[in-house]
Amino acid sequence: MHDFSKLTVGVLALQGDFDAHLRQIASVGAYGAAIRLPHQLSEISALIIPGGESTTMNLLVDRFGLREPLKVFGASKPIWGTCAGMIMLSKTIEDNQSGVRPLGLLDISVRRNGYGRQLFSCEEPIRVRINESETTVNATFIRAPLITRYDQEVQSLATYQGAPVLVRQNYVMASSFHTE
Ligand code: GLN
Numbered sequence: 002m003h004d005f006s007k008l009t010v011g012v013l014a015l016q017g018d019f020d021a022h023l024r025q026i027a028s029v030g031a032y033g034a035a036i037r038l039p040h041q042l043s044e045i046s047a048l049i050i051p052g053g054e055s056t057t058m059n060l061l062v063d064r065f066g067l068r069e070p071l072k073v074f075g076a077s078k079p080i081w082g083t084c085a086g087m088i089m090l091s092k093t094i095e096d097n098q099s100g101v102r103p104l105g106l107l108d109i110s111v112r113r114n115g116y117g118r119q120l121f122s123c124e125e126p127i128r129v130r131i132n133e134s135e136t137t138v139n140a141t142f143i144r145a146p147l148i149t150r151y152d153q154e155v156q157s158l159a160t161y162q163g164a165p166v167l168v169r170q171n172y173v174m175a176s177s178f179h180t181e
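Going by my numbering, the sequence shown opens with residue 2, and the numbers climb by one from there.
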């Protein structure tokens, strides 16, 4: 078992599924911090942007003055975005009528609700390859974004129905699905 007791992981707690992530972080013995203000980013080693509703999250990121601080954080520290978090981290959103302005930290294009409404909620075991080892993860897709393009700098760590659903570029990782 790894010792995570010295690790402080922030969860962006503006909206969405942040509580479940904070509980998961505590369950592996790390310290989880709910992040709402820019100065709190200096107190954490890594950040999770949870699932939720990207339109609302987008508005709150601006209201709380977090847009630039998040971009700076993601350039040198690990960020993982799940579902709406992936949409926020992406470079472009296809057919973007919602006005969500993504942070552009991950060179992918996504289509919101890209698996269709029928995948409103579905749980699938998928194979994930991380740091040279392979494991099975129970992935829950809830109106999940579909990755429609990814740059060659972006690594695909897991696929589902032929499309990447877990990707990584430098310090930034994103999953179409929830694990929490
Ligand atoms: N469909 C949602 C959005 O566009 C994301 C859903 C989720 O995070 N579970 O923001």
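Backbone N, C-alpha and C define an ideal beta-carbon position, used for all residues, glycine too.
Check, Outcome
"Which residue's Cα is closest to the Cα of Asn112: Gln156, Ala145, Thr83 and Ala159?", "Note that residue 112 corresponds to Arg in the displayed sequence, not to Asn. The candidate whose alpha carbon is nearest that of Arg112 is Ala145."
"Do Asn114 and the ligand GLN come close, with the Cβ less than 7 Å from some heavy atom?", "yes"
"Following a CB-centred definition, is Cys84 positioned closer than 7 Å to any heavy atom of the ligand GLN?", "yes"
"What are the start and end residues of the alpha helix (DSSP H) that includes Thr137?", "Looking at the DSSP string, Thr137 is not in any alpha helix (DSSP H); the run it does join, the beta strand (DSSP E), is Ser134 to Phe142."
"Would the beta-carbon of Arg102 be found less than 7 Å away from any heavy atom of the ligand GLN?", "no"
"Pop quiz: Ile1 and Leu107 are said to be a contact at Cβ under 8 Å. What is the actual Cβ separation, rounded to whole angstroms?", "Here the chain covers residues 2 to 181 and nothing more, so residue 1 does not appear."
"Quick one: what's got a C-beta closer than 6 Å to Glu181's C-beta in the same chain, skipping five residues either side?", "Ala21, His22 and Gln25"
"Could you tell me the distance, in whole angstroms, from the CA atom of Asn97 to the CA atom of Arg130?", "31 Å"
"With a 10 Å radius around its C-beta and 16 neighbouring C-beta atoms as the bar for buried, classify Pro103 as buried or exposed.", "buried"
"Would you please state the rounded distance, in angstroms, between the beta carbons of Leu147 and Leu158? I believe it to be under 8 Å.", "At roughly 16 Å, the Cβ-Cβ gap does not stay under 8 Å, so Leu147 and Leu158 are not in contact."
"Does at least one heavy atom of the ligand GLN sit under 7 Å from the Cβ of Ser55?", "yes"
"Does DSSP put Pro51 in a helix, a strand or coil?", "coil"
"Quick one: grab the DSSP three-state call for Gln170.", "strand"
"CA-CA distance, Phe206 and Ala47?", "With the chain covering only 2 through 181, there is no way to say anything about residue 206."
"Between Cys84 and Gly115, what straight-line distance do the alpha-carbon atoms span, to the nearest angstrom?", "11 Å"
"Say yes only if the C-beta of Ile143 is nearer than 7 Å to one or more non-hydrogen atoms of the ligand GLN, and no if none qualify.", "yes"
"Between Arg37 and the rest of its own chain, which residues show a CB-CB distance below 7 Å, the 5 nearest in sequence each way excluded?", "Ala14, Leu15 and Phe65"
"Does the Cβ of Ile80 lie closer than 7 Å to at least one heavy atom of the ligand GLN?", "no"
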